[in-house]
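Asks: Before I ask anything, here is the structure I am working with.
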Amino acid sequence: MAHEAVEEGYEEEVVGRTAHTQWVPFAQALTGDLLFVDHRTDHYGEVGEISFGDPEYLPLWPSMTLMLT
Numbered sequence: 111m112a113h114e115a116v117e118e119g120y121e122e123e124v125v126g127r128t129a130h131t132q133w134v135p136f137a138q139a140l141t142g143d144l145l146f147v148d149h150r151t152d153h154y155g156e157v158g159e160i161s162f163g164d165p166e167y168l169p170l171w172p173s174m175t176l177m178l179t
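In my numbering, each number is its position in the sequence shown, counted from 1, plus 110.
This is the structure in structure tokens:
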């Protein structure tokens with residue numbers, strides 16, 4: 111999704127809001143929503159959620175460790 115946005119010229123609307131090339135998904139719901147680990151420099155290790163019904167991603171936990179405890 112993020113690569114397509116860059117290639118098609120609408121990067122500002124997508125990258126860092128609803129997708130990013132440095133977000134690594136690790137879980138997906140039946141609805142298509144994703145949990146991901148953020149690998150961007152300022153947000154490294156944070157766990158977030160992409161909900162395809164919402165316009166922006168939701169940061170949930172500051173790390174995988176805190177998510178699992």
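Here a beta-carbon is modelled for each residue, glycine too, at the ideal position from N, C-alpha and C. Every value quoted in this text rests on a predicted model; they were computed, and no experiment measured them.
Within the continuous alpha helix (DSSP H) that includes Leu-176, where are the two ends?
Replies: Start at 1 with the first residue of the sequence shown, and residue 176 comes out as number 66. Taken as a continuous stretch (DSSP letters only), the alpha helix (DSSP H) holding Leu-176 covers 174–178.
Asks: Please report the distance separating the alpha-carbon of Thr-179 from that of Val-134.
Replies: As a first step, residue 179 is located in the sequence shown; it is residue number 69 there, counting from the start. As a first step, residue 134 is located in the sequence shown; it is residue number 24 there, counting from the start. Going from the Cα of Thr-179 to the Cα of Val-134 covers about 21 Å.
Asks: What are the residues that DSSP puts in a beta bridge with Glu-156?
Replies: Position 46 of the sequence shown, counting from 1, holds the residue named residue 156. Bridge partners of Glu-156: none, in fact.
Asks: Drop a sphere of 10 angstroms on the beta-carbon of Leu-168, count the other beta-carbons inside from all chains shown, and report buried for 16 or more, exposed for fewer.
Replies: In the sequence shown, residue 168 corresponds to position 58, counting from 1. So Leu-168 ends up on the exposed side.
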